[in-house]
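**Student:** Same order as they appear, the protein sequences are chains R and X.
Numbering of the first sequence is given in the numbering used here, commencing with residue 29 and proceeding in unit increments.
Numbering of the second sequence is given in the numbering used here, commencing with residue 17 and proceeding in unit increments.
The beta carbon of each residue, even a glycine, is placed where N, CA and C say it ideally should be.
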Amino acid sequence: MNAKPEVVIVVKDLAASYGSRQILRGINFEVHRGEVFVIIGGSGSGKSTLLKHMIGLFPPQQGEVWIEGQNLVTAEGEARTRLLRRFGVVFQGGALFGSLTIAENIGLPLGEFTDLPEVARECVALSLLQVVGLAEAAHRMPAELSGGMQKRAAIARAMALDPHILFLDEPSAGLDPVTSAGLDALIQELSRSFGITFVIVTHELRSINAIADRLIMLDEQSRSIIAEGNLAELQSQNAHPAARRFFNRE
Amino acid sequence: MIRMAETNQPRARSETRILADGRVSVRLWGILDVHTMGDLWRELEERLRPLQAPGLDVDAASLDVRGGGGLALLRYLKASGFTPRTAVTLRGLNSELSQILHLYEGDLKAHQVRRRPQPSVLQELGTATRGFVRELREQVGFVGTMAGELAAALLHPERLRWVEVKRLCIAAGANALPIVSLLSFLIGLILGFEGARPLAQFGAQIYVADIVGFASVRELGPMMTAILLAGRSGAAFAAEIGAMKIDEELAALATMGLNPLRFLALQRVAAGILLTPMLTVYTMFAGVLGGTLVMLSLGFSLPAIYHEMAASVHLGDIGVGLSKSVVFGAIFSAVGCLRGFQTGQGPIAVGVSATRAVVSSILLIIFADTVFAGAMFLVG
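Okay, here's the thing in structure tokens:
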């Protein structure tokens, strides 16, 4: 008998709105330790909004987000800071600090939240850059890197504090198929090697097919989850018609 | 798979022993991740750095490695980072850890911070001169093109996008009216109070009206307005155009066959030239009002103040003040646009452009005012 997977994220009855515009309602799902969990849906279905609520950027209109047994919505002060350090976030554009080199970008959280000596911080930064295949670019400025390189550097920065969970918003957006495939391979490698739980927002079919362990699909009309399961379940004949249309590109 | 650590886990530790054959053995144990490895790093640095041993054996069997950051220490240890003169053998790692460690392979030292050689004074001088010449060329080119575009717009006013000019006049001019008026009023008050004391010694306080009137109309009115607009609107022009450049909006304009200079800068410079004299009139009035209030408080009547001001400030002075304001308006708006077009890459570049726009504008405004003062002196 298979052991029950450990739940690391629980989203309970989440609702979100921008002013009077309802974006999400009645969102419920769980993410398991070590899996690559993908949030899919058409443009405007609220994928990025959901992610931003999961990482505590926006307070939900209603509902709860539990990360490793702690409610992020109600956590405050030092408890919230500790909770935030358990996960890393890779934003759509990378969000690297333009005034710092790539190595300095990675060293920044290490300098703020660890007691590592400078040489150790540099070593960790360079090692992480080696993992994402960017050691050569360590001392370059973000503006000097291509989009794909910036995404990889952002992943290295998000990994700096040994997070348990990585959230990625549209990691393949704007990348060519080869770079995108390289990024997918990196995500799989990091998931396998470091046991990091990934929560990824994307609508890139190739990426979804390559990396997803489980998925949820958001729908713009109902503003809620219309399909949930693994890749095979969402692509099967029994799946929600919208999910079938999504995978069949209809 | 590596398990993840809590941030308050016990620290990783080491034990060092010197073996009979002179080799050194280090046993590592405890939980190792980026949050717990600081002490271990310093401990190893202190114990291993001075060693002169034929070899170093590292036993990591009891080490509980959690997370990727902690592995950087093992990589550094394995690459003889702590013991530059001693070969290191790392053992005790399970196959999973050894497999992960391969991700970290590569020459760390090759990528460590490379200090750039300090350039000589001559090199720095050359670089600065080259930069100055390049900038001068850009500025001359920009001024020439703008002058041509403005002349063309005068001949064919329909070439200007008047809706945009109106929007800019409201944003940069009408919205700046309260702050410009307040500051000018306060400066009028200051001039009045500061002038009243020394003039009282000669029984000549009535001449405060001359000082306030003359200074507000010819000097402070146009200059304060221009400096305020340079800080407020010139910086905004630079930031707007700079952000557009970063977002490739300028490239989009160019590929559509639209000249970004005509499309963006011309309307801003036209707005600057139009709104600065209008604001300057308000500034003059507010400054005079401030000085008048001081004089009223000193016991002078309103007709006496008016007659004194009218005798000292002529229509020509107002003309000079307004002429200056037209030039100052052109300077702050053109410089703001130029700095925007010169914006480099990355979000910092926008801030740099805005700062450069303000500094250059103020410098050029004061320089132009000096030229005006010299010319007026010569003309008499």
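Checking contacts by CB at 8 Å: is residue 187(R) closer than that to chain A?
**Tutor:** Judged by its chain identifiers, the structure shown contains no chain A, and its protein chains are R and X.
**Student:** Report the three-state DSSP secondary structure of residue 245(R) (helix, strand or coil).
**Tutor:** strand
**Student:** May I ask which residues mark the beginning and end of the beta strand (DSSP E) holding residue 225(R)?
**Tutor:** 225-229
**Student:** Taking a cut of 9 Å between CB atoms, which residues from the segment 343-377 of chain X lie near chain R?
**Tutor:** 360, 361, 362, 363, 364 and 365
**Student:** Counting Cβ pairs closer than 8 Å, one from the segment 206-216 of chain X and one from the segment 255-271 of chain X, do we hit at least three?
**Tutor:** no
**Student:** Closer than 9 Å, Cβ to any Cβ of chain X: which residues of the segment 136-150 of chain R, in chain order?
**Tutor:** 138, 141, 142, 143, 144, 145, 147, 148 and 150
**Student:** Whether or not the segment 311-325 of chain X and the segment 358-375 of chain X are in contact is what I'm after, with contact meaning three or more pairs of Cβ atoms, one per stretch, closer than 8 Å; do they touch?
**Tutor:** Judged by Cβ distances under 8 Å, the segment 358-375 of chain X makes no contact with the segment 311-325 of chain X, as fewer than three pairs qualify.
**Student:** Measure the alpha-carbon distance for residue 176(R) versus residue 211(R) and round it to whole angstroms.
**Tutor:** 8 Å
**Student:** Along the segment 34-63 of chain X, where does the CB come closer than 8 Å to a CB of chain R? Name the residues.
**Tutor:** 49, 50, 51, 53, 54, 55, 57, 58 and 61: these are the residues of the segment 34-63 of chain X whose beta carbon lies less than 8 Å from some beta carbon of chain R, given in chain order.
**Student:** Taking Cβ-Cβ distances shorter than 8 Å, what residues in chain R pair up with residue 87(X)?
**Tutor:** 155
**Student:** Check whether the segment 212-224 of chain R touches the segment 242-249 of chain R, taking contact to mean three or more Cβ pairs, one atom from each stretch, closer than 8 Å.
**Tutor:** Contact between the segment 212-224 of chain R and the segment 242-249 of chain R is absent: fewer than 3 CB-CB pairs across the two stretches fall below 8 Å.
**Student:** Three-state secondary structure (DSSP) at residue 34(R)?
**Tutor:** Taken through DSSP and simplified to helix, strand or coil, residue 34(R) comes out as coil.
**Student:** Just the C-alpha distance for residue 281(X) and residue 356(X), rounded to the nearest angstrom, thanks.
**Tutor:** 10 Å
**Student:** Please go through the segment 147-210 of chain R and give each complete alpha helix (DSSP H) segment of 4 or more residues, from N-terminal end onward.
**Tutor:** 175-186
**Student:** Hey, residue 68(R) and residue 207(R) are a contact pair by Cβ (cut 8 Å); roughly how many whole angstroms apart?
**Tutor:** Contact doesn't hold; Cβ gap of about 21 Å is too wide.
**Student:** Identify which residue in 233(X), 76(X), 177(X) and 39(X) has its Cα closest to the Cα of residue 297(X).
**Tutor:** 233(X)
**Student:** Look at the alpha carbon of residue 204(X) and the alpha carbon of residue 291(X), and state the distance between them as a whole number of angstroms.
**Tutor:** 22 Å
**Student:** Looking only at C-alpha atoms, which of 99(X), 50(X) and 170(X) sits nearest to residue 85(X)?
**Tutor:** Residue nearest to residue 85(X) within the set 99(X), 50(X) and 170(X) is 50(X) (criterion: CA-CA distance).
**Student:** Ends of the alpha helix (DSSP H) at residue 59(X)?
**Tutor:** It spans 53-64 - the alpha helix (DSSP H) in which residue 59(X) sits, taken as one unbroken run.
**Student:** Assuming residue 288(X) and residue 345(X) are in contact, meaning their beta carbons sit under 8 Å apart, how far apart are those beta carbons, in whole angstroms?
**Tutor:** 4 Å
**Student:** Starting from the Cα of residue 347(X), find the closest Cα among 195(X), 104(X), 238(X) and 260(X) and give me that residue.
**Tutor:** Of the candidates 195(X), 104(X), 238(X) and 260(X), the one whose C-alpha sits nearest the C-alpha of residue 347(X) is 238(X).
**Student:** When you compare the CB positions of residue 241(R) and residue 65(R), do they come within less than 8 Å of one another, or not?
**Tutor:** yes
**Student:** Within 8 Å of any Cβ in chain R, is that where the Cβ of residue 116(X) sits?
**Tutor:** yes
**Student:** Between which residues of its own chain and residue 101(R) is the CB-CB distance below 7 Å, once the five residues before and five after are set aside?
**Tutor:** In the same chain as residue 101(R), and ignoring 5 residues on each side of it, the C-beta atoms closer than 7 Å to its own belong to 87, 88, 92 and 93, in chain order.
**Student:** Return no unless some Cβ of chain X is closer than 8 Å to the Cβ of residue 169(R).
**Tutor:** Yes, residue 169(R) lies at the interface with chain X (some Cβ there is under 8 Å from its Cβ).
**Student:** Do residue 119(R) and residue 191(R) have their C-beta atoms within less than 8 Å of each other?
**Tutor:** no
**Student:** Let me confirm a value: residue 224(R) is counted as buried when at least 16 other C-beta atoms fall within 10 Å, else exposed. Which label applies?
**Tutor:** buried
**Student:** Answer with buried or exposed for residue 33(R), where buried requires no fewer than 16 other C-beta atoms within 10 angstroms of its C-beta.
**Tutor:** exposed
**Student:** Which bits of chain X does residue 247(R) rub up against, with CB to CB less than 7 Å?
**Tutor:** Ordered by position in chain X, no residue passes the 7 Å Cβ test against residue 247(R), which lies about 31 Å from the chain.
**Student:** Suppose you measure from the CA of residue 96(R) to the CA of residue 35(R); what does that come to, to the nearest Å?
**Tutor:** 8 Å
**Student:** Can you tell me which of the three DSSP states residue 79(X) falls into?
**Tutor:** Residue 79(X) falls in the strand class under three-state DSSP.
**Student:** Would you check if the segment 73-85 of chain X and the segment 107-115 of chain X touch, i.e. whether three or more CB-CB distances between them fall below 8 Å?
**Tutor:** yes
**Student:** How would you write the range of the alpha helix (DSSP H) that residue 251(R) sits in, first residue to last?
**Tutor:** Residue 251(R) -> no alpha helix (DSSP H), and no H or E assigned at all.
**Student:** For residue 158(R), count neighbouring C-beta atoms within 10 Å of its own C-beta (all shown protein chains included) and say buried if the count is 16 or more, exposed if not.
**Tutor:** buried
**Student:** Output the boundary residues of the beta strand (DSSP E) element that contains residue 52(R).
**Tutor:** 49-60
**Student:** Roughly how many angstroms separate the alpha carbons of residue 162(R) and residue 93(X), rounded to a whole number?
**Tutor:** 21 Å
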